[in-house]
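K.L.:
If you're matching positions, the sequence shown starts at 18 in the working numbering and goes up one per residue. Cβ atoms here follow ideal geometry from the backbone N, Cα and C, with glycine treated the same way. Okay, handing you the structure first.
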Amino acid sequence: MPQDPADRRVVVTGPPRQTRRTSGYYRPRTEIDEQTTLGHTYVRSLMRTQLRAALTVFAVLALLVGPLPLLFAVTPDSGRLAWAVLGFGLYAPLVLLARWYVRRAERNERDFVRLVEDR
C-alpha cells in the first residue's frame, strides 16, 4: 500500500544559525587563516626572524669570502694559495654555516608552530 505524499516527512538541513563560542578559547591559527591584522602580525614575525637568520648568514659569508680577492692580490704565488684556501680552508666553514642556517630556520618554524598550536 503506497503512502500518501502529504504524509511523508522531509528533513531539510542547512548551516547552523548560531555558532558556539567557547569563552576564553583563542585560536591564532584562525587569525592566520582569516588574514586578520593579528594573523598578519604572526606571519610577519616569522618572516622577520627568518630574514634575520638569512642576513646573519650573509654577513658572515661576506666577511669570510669578501677579503679573499685582496689576499690573493697581495700574495705573490696566488695560484696555489687560492686552491688551498678555496678548496680546503673555505669548504668546512661554508658547510658549518649552511648547517647552522638550516637548523635555525627549522627552529624558527617549530617555535612558530608551537606558538600557533599551543594556546
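1. From the DSSP output, in three-state form, read off Glu51 for me.
2. Take the Cβ of Phe129 as the centre, count every other Cβ of all protein chains shown within 10 Å, and call the residue buried at 16 or more, exposed below.
3. What number of angstroms, rounded off, separates the C-alpha of Tyr118 from the C-alpha of Ala90?
4. Check this for me: beta carbons of Pro145 and Val133, under 9 Å apart or not?
5. The alpha helix (DSSP H) with Phe89 in it runs from where to where?
6. In the DSSP assignment, find the unbroken alpha helix (DSSP H) run with Leu98 in it and report its ends.
7. Checking 9 Å against the spacing of the C-beta atoms, do Val74 and Leu85 come in under that value?
8. Taking the alpha-carbon positions, what's the Ser62 to Ala122 distance?
9. Going by DSSP in three states, Pro32 sits in which element: helix, strand or coil?
P.N.:
Looking at the coordinates:
1. Glu51 falls in the coil class under three-state DSSP.
2. Buried, by the Cβ-count rule.
3. When rounded, the distance between both Cα atoms is 31 Å.
4. Outside the modelled stretch of the chain, which goes from 18 to 136, sits residue 145, for which no answer is possible.
5. Per DSSP, the continuous alpha helix (DSSP H) segment holding Phe89 begins and ends at Leu85 to Val91.
6. Counting along the chain, the alpha helix (DSSP H) containing Leu98 begins and ends at Ser95 to Ala101.
7. For Val74 and Leu85, no; Cβs fall outside 9 Å.
8. About 13 Å.
9. Of the three classes helix, strand and coil, the one that applies to Pro32 here is coil, per DSSP.
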